[in-house]
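Each protein sequence line maps, in turn, to chains A and B.
Each residue of the first sequence is one higher than the one before, starting from -17 at the first, in our numbering.
Each residue of the second sequence is one higher than the one before, starting from 71 at the first, in our numbering.
First comes the structure, then the notes that go with it.
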Amino acid sequence: MSNQSDLTSRAVPYLIRGATLPDGTRSDVLLAGGRISELGIGLSHAGATVIDADGLQALPGLVDLHTHLREPGAEQSETVLTGSQAAARGGFTSVFAMANTSPTQDTAGVVEQVLALGERAGYVTVQPIGAVTKGLGGTQLAELGAMATSRARVRVFSDDGLCVSDPLLMRRALEYVKAFDGVIAQHSQEPRLTEKAQMNEGALSGELGLVGWPAVAEEAIIARDVLLAEHVGSRLHVCHISTAGSVDVIRWAKARGINVTAEVTPHHLLLTEDLVVGYDARFKVNPPLRRREDVEALRAALADGTIDIVATDHAPHPIESKDCEWDAAANGMVGLESALSVVQASVVDTGQLSWADVARVLSATPARIGRIDGQGQPIAVGAPAELTLVDPAARRVFGRADLSGLSANSPYLDMALPGRVLATFHRGAATVLDGVLRPAAEVAHLNGVFHG
Amino acid sequence: MSTSQKQSTSMRHLLSTKDLSRDAAIRLLDVAEDMSDVATREVKKLPTLRGKTVVNLFFEDSTRTRISFEAAAKRLSADVINFSAKGSSVSKGESLKDTAQTLAEIGADGVVIRHPASGAPAVLASSGWIDAGIINAGDGTHEHPTQALLDAFTIRRRLHGSASRGKSLDGVRVAIVGDILHSRVARSNLWLLNTLGAEVTFVSPPTLVPADVSGWPATFGFDLDAAIDTQPDVVMMLRIQAERMSAAFFPNSREYSRAWGLTDARFDRLGPVSIVMHPGPMNRGLEISSAAADSARSTVREQVANGVSVRMAALYLLLSGDRENA
């Protein structure tokens, strides 16, 4: 962090002409010295690379609070480098790396390793998340304090993929992280109610003969956790909520003054359980795709602020984990590269969210929940040069070439999606330009931090 | 999922009864009538599928279904390969994809698949791993279409005898009793019986019905005595798995049998023309009494015989003729 300004000075200045800012006004944006150094019409700067942004929407660099980078342990699915590239391609300048790696991110050593891998790649700020319990075992607290005071400065803790189902352990975790302003990000899934569960429990699961994953398994844990958070006066973040009932519980908790935030994934804003009919495992995800009524409730809740943020739950898997019968397939979808397009399709083009709202739910608020510096700030003079340019008028059939990560388990392949990220700037350097990822060596040279 | 039919005489796959048209279903039952005539001949064999290879790909033990398909394929002169997951590379973790590609290279024309995962036959049919015709011989808790077809065939024979050809099951009232939630037999029967014009009533403990059955064309009840009192034309008892008890679906077998078993007393109250069916294997004394199972009104043994005829018909419709144009 201390040598950040030295490094960002390596990037050439960029003069972005005629972009539309989140508030709808048009402005040139000058990125120089790692900062947004000037805003206004008719700017000029000697030696700057000029980018014509006529018709393009500028957004503060996107922040993903929920990413699986798979390194260490599953480097055939994704690495910190390739996941960072997927993130940049999707307009992100920061990702929070989930803890379910192998070894688990449950010690200072492992989170510092992931941090360093992210710094070396240089495409985005990789902020490690720490496990709540040792080895995600659900029985013993991980070294939360050591991770918090490590060089990785962990503030978000999660056993994501698994639920901290033991109520006493959840209570203790919520209490303990108050010492360093941490937050528990809960994967809300009652394990007994979801044994061998395969898809949303309802009319379709009965017909298809797939074991049902009832909404109540999610809602019951959220209800318990908001009451625990109230009781101990702690901060709770609820990962990927997927049902209308969960929205009701969160709304009730917020009205009661409970310190809770909630996230929704792009896929739960767009896709419904009907897609499971052909048993195509690309649509198998945890939590499962739900009903149309749930999708509508999630969109409305994101619009009215009940749901605070969108996070991708980017979950890369190798081909063999999806190219098989439904029961044997892994849960999860890649989502970084498609996130902004899916948000545009599901809530912007429907008139429910403005681009200012998008900046809030995909940048400002996730940065605030994750307590990360230098991210999620408004586009203003002096702010860090973390910026995304998107062409909202673009329309494309999403394909394999749109993916920059190692894995191709995207549910959107062959689907027409609006919007396209044309440029991403991280610490003033372009990580994506003209819709194309900049080379790893160039990005590492401009942004990479090398240790030892 | 696609069960595309070429006119009404040929089909690409048999994956479910849900997407079987009424004409296609009656056509298959009529072909099964022809096939059943073969069983009465001195030489029980037709040359129809000579040179074709049928693989029975069983990822789950089911000797009854496997030998029924094997007998059907052999009576049509097909070469039969039995591929059991037990003792093969499958139990060492080989994927469905690799197994399918192996069978494709061996030159399988038809694959009869039994799999514990719902939808596995549909995945096989749509994957491009293998070009063979696929017959679903039971997938998870999804469907078991040839069982439903043999049940419909059996009902039709009991009602119409030698005049069965071309007939539907319009107005026939069928009560299906037991574990609906986990039963692929129940699902396949629901769709096929409905397509053929029969009225289906399900009777089961409340824990063994799927969460939302509002879209199922059937009536639902928990009271077997009330269902018996309506004097249904058919009472079909489903096998109850012992392991359901440990998962708290019902307290114990005694209580299940008292409330949902076809006991001697309930059997005696059935009308004289009601028939009693069971897909086998039976738990005598649990879901069905021996008196009911062995009575003249029981079709249990006919169902086994008719199973071979129906499976011959399915194999014939899938595999005879030129598959390139199917």
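Think of the CB as a built atom: it goes at the ideal place given N, C-alpha and C, for glycine as much as any other residue.
Where the alpha helix (DSSP H) through A/A235 begins and ends: Taking the first sequence and counting its residues from 1, the one referred to as residue 235 of chain A is at position 253. It spans A226 to A237 - the alpha helix (DSSP H) in which A/A235 sits, taken as one unbroken run.
Tell me whether B/T265 sits in a helix, a strand or coil according to DSSP, three-state version. As a first step, residue 265 of chain B is located in the second sequence; it is residue number 195 there, counting from the start. Of the three classes helix, strand and coil, the one that applies to B/T265 here is helix, per DSSP.
Cutoff 8 Å; reference A/I351; Cβ partners in own chain excluding five residues on either side: For this step, residue 351 of chain A is matched to residue 369 along the first sequence. The answer, listed in chain order, is L47, V138, V165, H219, T243, D290 and I291.
With 8 Å as the C-beta to C-beta threshold (strictly closer), list the residues of the region 295 to 313 of chain A near chain B in chain order. E302, D305, C306, E307, W308, D309 and A310
Residue range of the beta strand (DSSP E) that A/A412 falls in? By one-based count along the first sequence, residue 412 of chain A stands at place 430. From DSSP, the beta strand (DSSP E) with A/A412 extends over A411 to L415.
Unbroken alpha helix (DSSP H) run spanning B/Y326, endpoints: Sequence index remark: in the second sequence, residue 326 of chain B carries index 256 (1-based). Taken as a continuous stretch (DSSP letters only), the alpha helix (DSSP H) holding B/Y326 covers S323 to W330.
Considering B/E103, what are the terminal residues of the alpha helix (DSSP H) in which it resides? Residue 103 of chain B sits at position 33 when you count from the first residue of the second sequence. R92 to V108 is the span of the alpha helix (DSSP H), which, as asked, contains B/E103.
Cβ closer than 8 Å: which chain A residues qualify as neighbours of B/V227? Within the second sequence, the letter at position 157 stands for residue 227 of chain B. Checking the sequence, you will find Arg at residue 227 of chain B rather than Val. Those do not exist, as B/R227 stays about 28 Å from chain A at its closest Cβ, beyond 8 Å.
Quick one: which chain A residues come within Cβ less than 9 Å of B/A297? Along the second sequence, read from residue 1 onward, the residue named residue 297 of chain B stands at position 227. Result: empty, since nearest Cβ-Cβ is about 21 Å, beyond 9 Å.
By Cβ distance below 7 Å, which residues in the same chain neighbour A/S336 in space, the five residues on each side in sequence not counted? Walking along the first sequence from the start, residue 336 of chain A turns up at place 354. Nothing meets the Cβ criterion.
So A/E183 contacts chain B; which residues on that side make the cut at Cβ distance below 7 Å? Counting from 1 along the first sequence, the entry for residue 183 of chain A is found at position 201. Within 7 Å Cβ-Cβ: A281.
Let me see if you follow: with CB-CB separation under 8 Å, is B/R354 close to chain A or not? As a working note, residue 354 of chain B is residue 284 in the second sequence. For B/R354, the answer is no, since every Cβ of chain A falls outside 8 Å of its Cβ.
Which residues DSSP lists as bridging A/Q39, in chain order: The count along the first sequence starts at 1 and reaches residue 39 of chain A at position 57. Per DSSP, A/T2 and A/V372.
Measure from the alpha carbon of A/M152 to the alpha carbon of each residue in A/V136, A/E177 and A/A113, then state which is nearest. Here residue 152 of chain A corresponds to residue number 170 of the first sequence, with the count starting at 1. Of the listed residues, the one whose Cα sits closest to A/M152 is A/A113.
How would you list, in chain order, the residues of chain B whose beta-carbon sits under 7 Å from the beta-carbon of A/L192? Taking the first sequence and counting its residues from 1, one reaches residue 192 of chain A at position 210. Here the neighbours are S188.
Beta-carbon proximity of A/P248 to A/L388, cut-off 8 Å: Within the first sequence, numbered from 1, the residue matching residue 248 of chain A stands at position 266. Within the first sequence, numbered from 1, the residue matching residue 388 of chain A stands at position 406. No, they are not a contact pair.
Any beta-carbon of chain B closer than 8 Å to the one on A/Y394? Here residue 394 of chain A corresponds to residue number 412 of the first sequence, with the count starting at 1. It does not: the Cβ of A/Y394 has no partner Cβ on chain B nearer than 8 Å.
Kindly list the residues whose CB is nearer than 8 Å to the CB of B/K144, restricted to its own chain and excluding five residues on each side of it in sequence; keep chain order. The residue you call residue 144 of chain B lines up with position 74 of the second sequence. Only K115 and V150 meet the Cβ criterion.
Based on DSSP bridge pairs, tell me the residues matched to B/D149. The residue labelled residue 149 of chain B in the question sits at position 79 within the second sequence. According to DSSP, which records beta bridges pairwise, B/D149 is partnered with B/T123.
Is there a Cβ from chain B that is less than 8 Å from the Cβ of A/G227? Walking along the first sequence from the start, residue 227 of chain A turns up at place 245. Not one chain B Cβ lies under 8 Å of A/G227.
Quick one: which chain B residues come within Cβ less than 7 Å of A/Y261? Sequence index remark: in the first sequence, residue 261 of chain A carries index 279 (1-based). Result: G189, A192 and V193.
Run through chain A and tell me which residues come within less than 8 Å of B/R184, C-beta to C-beta. Locating residue 184 of chain B in the second sequence gives position 114, counting from the first residue. Residues of chain A passing the Cβ test: none, with the nearest at roughly 13 Å.
Please report the straight-line C-alpha distance between A/R102 and A/V418, rounded to a whole angstrom. By 1-based counting over the first sequence, the position of residue 102 of chain A is 120. By 1-based counting over the first sequence, the position of residue 418 of chain A is 436. Roughly 20 Å separates the two Cα atoms.
If contact is defined by three or more beta carbon pairs under 8 Å, each pair taking one atom from either stretch, is the region 285 to 292 of chain B in contact with the region 312 to 323 of chain B? no
With a cut-off of 8 Å, does the C-beta of B/L166 fall near any C-beta of chain A? Here residue 166 of chain B refers to the residue found at position 96 of the second sequence. Interface residue, yes.
Please determine, among B/D334, B/V283 and B/T277, the residue with the shortest C-alpha to C-alpha distance to B/F320. Indexing the second sequence from 1 puts residue 320 of chain B at position 250. The option with the nearest alpha carbon to B/F320 is B/T277.
Could you check the C-alpha separation between B/D358 and B/N206 for me, to the nearest Å? For the purposes of this step, residue 358 of chain B is identified with residue 288 of the second sequence, where counting begins at 1. For the purposes of this step, residue 206 of chain B is identified with residue 136 of the second sequence, where counting begins at 1. First, the residue type needs correcting, since residue 358 of chain B is Ile and not Asp in the sequence shown. Answer to the nearest angstrom: the Cα atoms are 27 Å apart.
B/G285 at chain A interface by Cβ criterion, 8 Å: The count along the second sequence starts at 1 and reaches residue 285 of chain B at position 215. Yes - at least one Cβ of chain A is within 8 Å of the one on B/G285.
Are at least three pairs of beta-carbons, each pair with one atom in the region 185 to 194 of chain B and one in the region 129 to 149 of chain B, less than 8 Å apart? yes
Please report how far the alpha carbon of A/A327 lies from the alpha carbon of A/H169, in whole angstroms. Start at 1 with the first residue of the first sequence, and residue 327 of chain A comes out as number 345. Start at 1 with the first residue of the first sequence, and residue 169 of chain A comes out as number 187. Looking at the two C-alpha atoms, the distance is approximately 26 Å.
Taking only runs that begin and end inside the region 220 to 273 of chain B, name each unbroken alpha helix (DSSP H) of 4 or more residues, in chain order. 254 to 265
Residue closest to A/S320, alpha-carbon to alpha-carbon, out of A/S303, A/D384 and A/P269: To locate residue 320 of chain A, count along the first sequence from 1; it is residue 338. Closest by alpha carbon: A/D384.
C-beta neighbour in chain A for B/L84, strict 8 Å: On the second sequence, residue 84 of chain B is found 14 positions in, with the first residue counted as 1. Answer no: the Cβ-Cβ gap between B/L84 and chain A never drops below 8 Å.
So, with DSSP's three-state summary, where would you put A/L251? Taking the first sequence and counting its residues from 1, the one referred to as residue 251 of chain A is at position 269. A/L251: helix per DSSP, three-state reduction.
If you drop the 5 nearest sequence neighbours on each side, which residues of the same chain put their C-beta closer than 6 Å to that of A/T61? Here residue 61 of chain A is taken as the residue at index 79 of the first sequence, counted from 1. Around A/T61: E53.
Assuming B/L389 and B/L119 form a contact by the criterion Cβ under 8 Å, report the distance between their Cβ atoms to the nearest whole angstrom. Position 319 of the second sequence holds residue 389 of chain B. Position 49 of the second sequence holds residue 119 of chain B. At roughly 6 Å, the Cβ-Cβ gap stays under 8 Å, so B/L389 and B/L119 are in contact.
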